[in-house]
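Heads up: the structure comes next, in structure tokens.
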Amino acid sequence: MSNSTTAAPTPAAARTFSSDNAAGASPEIVDAVVRAASGPASPYGSDGITAGVRGKLSEIFERDVDLLIVSTGSAANALSLAALTPPWGSVLCHRDSHINNDECGAPEFYTAGAKLVPLGGDDAKIDADELRAAVRNKAGDVHSVEPSVVSLTQATETGSVYSLDELRTLGSLIKEPGLRFHMDGARFAGAVAALGASPAELTWKAGVDLLSFGATKNGTMTAEAIVVFDRSLTAELGFRAKRAGQLASKMRFHAAQLDAYLTDDLWLRNATHANTMAARLQDGVKAIPEVDLLGAAEANILFCRLPRQVTEGLLADGYTFYHDRWESGVVRFVTSFATTPQSIDGLLQDIRRYAA
-15 MSNSTTAAPT PAAARTFSSD NAAGASPEIV DAVVRAASGP ASPYGSDGIT AGVRGKLSEI
45 FERDVDLLIV STGSAANALS LAALTPPWGS VLCHRDSHIN NDECGAPEFY TAGAKLVPLG
105 GDDAKIDADE LRAAVRNKAG DVHSVEPSVV SLTQATETGS VYSLDELRTL GSLIKEPGLR
165 FHMDGARFAG AVAALGASPA ELTWKAGVDL LSFGATKNGT MTAEAIVVFD RSLTAELGFR
225 AKRAGQLASK MRFHAAQLDA YLTDDLWLRN ATHANTMAAR LQDGVKAIPE VDLLGAAEAN
285 ILFCRLPRQV TEGLLADGYT FYHDRWESGV VRFVTSFATT PQSIDGLLQD IRRYAA
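Taking the working numbering, the leading residue of the sequence shown gets -15, the next gets one more, and so forth.
Here it is in structure tokens:
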């Protein structure tokens, strides 16, 4: 489905495929921030807008949840893991996960030294057999870190999505020995849109204790959230957030963004549009013999291998995308709620032109 509220892109925006973080903000969210600026409101999250967001999330997840609004995904992940892991514990994650590669040591810092233990698996998804062994590896051995929490990324860093069956299998492996379950949902909306499953099925019904509920990649400006399913963790998370400088005095401005994000399913409409644009790009790339697809775009990320002259030509034309970061010739294209069909078609036309 298309996003009719998205304005026509500028030439630069039409050629931006580096990250969904490069997109602007949905107009509904900008308008909500403007409305929140009128008049006074109680500070530090005690305002009515923040309470309303908690109510909407409770409806979406089909149970009472608690909410911690933060300003970055790194804060959401690191604070969640700190509440779930002792300093002598380990965080089991995929080797390609954001917490393992792109958090500048924040999980280790906020947990006061817990160790990240990377696991393998195809398509950036944790392999069940590896996890089965890792959750018991040296458990109770005072000479080693204690397996404590598993963090899954949904959707993953390569755009793949854990199916419901995969989540249930991994959830049972996590919970049976008593480990905690964190989900990095920086692109959670994209996974919900791709699977058509309920947010409840994809989280707490599979055993998730804390969800990093991403929003900035999908239309907000500065608002992320920790959705708390195990509410015994709420008080500790509150103290940790304040200590980390993540308790905003004028929280209503963050909350206003999330309130608009959750109203009338904007979060799902934006994610569906981003996924649709990635599928459009994937279908077009399939028809270009010189380009090799590397996996399927289940959400809004597509990896492929381009001939060198194609990459160089696109870059010279002002396109932005990650290239040669993983291996020579491999590029990553990321679509967003602001990507237009015309932008996709223009990219495909230029790929074909340089490939020829």
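Note that CB positions come from ideal geometry on N, CA and C, so glycine has one too.
Go through its chain and collect everything with a Cβ distance to residue i's Cβ below 8 Å, but skip five positions before and after it.
i	result
Asn202	Asp4, Arg171, Ala173, Gly174, Tyr245, Trp251, Asn254, Ala255, Ala258, Ser320 and Phe321
Gly155	Phe165, Ala190, Gly191 and Val192
Ala181	Leu148
Met205	Ala9, Ile13, Val14, Val17 and Gln241
Ala263	Ala281
Glu220	Ala67
Lys159	Phe165 and Gly191
Would you kindly work out how many angstroms separate the C-alpha atoms of residue i and residue j, rounded to a whole number?
i	j	result
Leu157	Ala(-3)	43 Å
Leu103	Ala21	46 Å
Leu63	Pro91	8 Å
Thr247	Thr0	27 Å
Pro11	Val119	45 Å
Thr153	Tyr146	11 Å
Asp111	Gln138	14 Å
Leu100	Asn85	11 Å
Ser144	Arg227	35 Å
Leu41	Arg336	44 Å
Leu194	Val18	31 Å
Ile285	Ala96	33 Å
Thr324	Ser2	15 Å
Arg224	Thr56	15 Å
Leu242	Tyr94	25 Å
Asp329	Leu265	8 Å
Glu311	Asp107	16 Å
Val87	Gly36	Residue identity check: residue 87 is Glu in the sequence provided, not Val. The straight-line gap from Cα to Cα measures roughly 30 Å.
Thr200	His238	11 Å
Asp125	Ser132	13 Å
Ser327	Asp168	29 Å
Leu331	Phe197	31 Å
Gly359	Ala340	Nothing in the structure corresponds to residue 359, since the chain is present only between -15 and 340.
Asp334	Ala59	39 Å
Ala6	Ala283	17 Å
Val54	Ala271	43 Å
Arg38	Arg116	35 Å
Gly23	Glu43	28 Å
Arg309	Gly89	20 Å
CB-CB under 7 Å to residue i, same chain, minus the five flanking residues each way: which ones, in chain order?
i	result
Tyr28	Leu231, Ser233 and Met235
Leu151	Leu186 and Ala190
Glu141	Asp80, Ser81, His82 and Ala108
Pro71	Thr95, Ala96, Gly97 and Ala98
Thr295	His307 and Val315
Gly105	His78, Asp111 and Glu114
Asp249	none
Thr69	Val75, Thr95, Ala98, Ser132 and Val133
Measure how close the beta-carbons of residue i and residue j come, nearest whole angstrom, since I'm counting them as under 8 Å.
i	j	result
Phe287	Gly279	6 Å
Leu179	Val134	Contact doesn't hold; Cβ gap of about 20 Å is too wide.
Ser74	Glu130	7 Å
Cys316	Tyr306	The displayed chain sequence assigns Arg, not Cys, to residue 316. Indeed, because the Cβ distance is near 5 Å, the residues count as touching under 8 Å.
Gly290	Gly313	Sequence inspection shows Leu at residue 290; the Gly mentioned does not correspond to that position. Indeed they touch by this definition, with Cβ atoms about 6 Å apart.
Phe45	Pro183	5 Å
CB-CB under 6 Å to residue i, same chain, minus the five flanking residues each way: which ones, in chain order?
i	result
Asp31	Ala25 and Arg236
Leu217	Ala67
Ser128	Lys122
Asp214	Asp193
Thr34	Met235 and Ala239
Ala177	Leu252, Ala255, Thr256 and Asn259
Met261	Thr319, Thr323 and Ile328
Tyr338	Gln293, Val294 and Gly297
Leu136	Met167
*Indicate whether the contact test is met: 3 or more Cβ pairs, each with one atom in the region 292 to 309 and one in the region 186 to 199, closer than 8 Å.*
no
*asked:* Quick check on the DSSP output: what are the complete beta strand (DSSP E) runs of length 3 or more inside the region 109 to 169, in order along the chain?
replied: 130 to 137 and 164 to 169
*Indicate whether the contact test is met: 3 or more Cβ pairs, each with one atom in the region 45 to 52 and one in the region 258 to 278, closer than 8 Å.*
no
*Would you be able to state if there are at least three C-beta pairs under 8 Å between the region 57 to 76 and the region 195 to 214?*
yes
*May I have a chain-ordered list of the alpha helix (DSSP H) segments no shorter than 4 residues that lie completely inside the region 270 to 318?*
292 to 300
*Can you give, in chain order, each stretch of the alpha helix (DSSP H) that sits fully within the region 2 to 72 and has at least 4 residues?*
11 to 20, 32 to 44 and 57 to 68
*Curious, which full-length beta strand (DSSP E) runs of at least 3 residues does the region 194 to 239 contain?*
194 to 197 and 208 to 212
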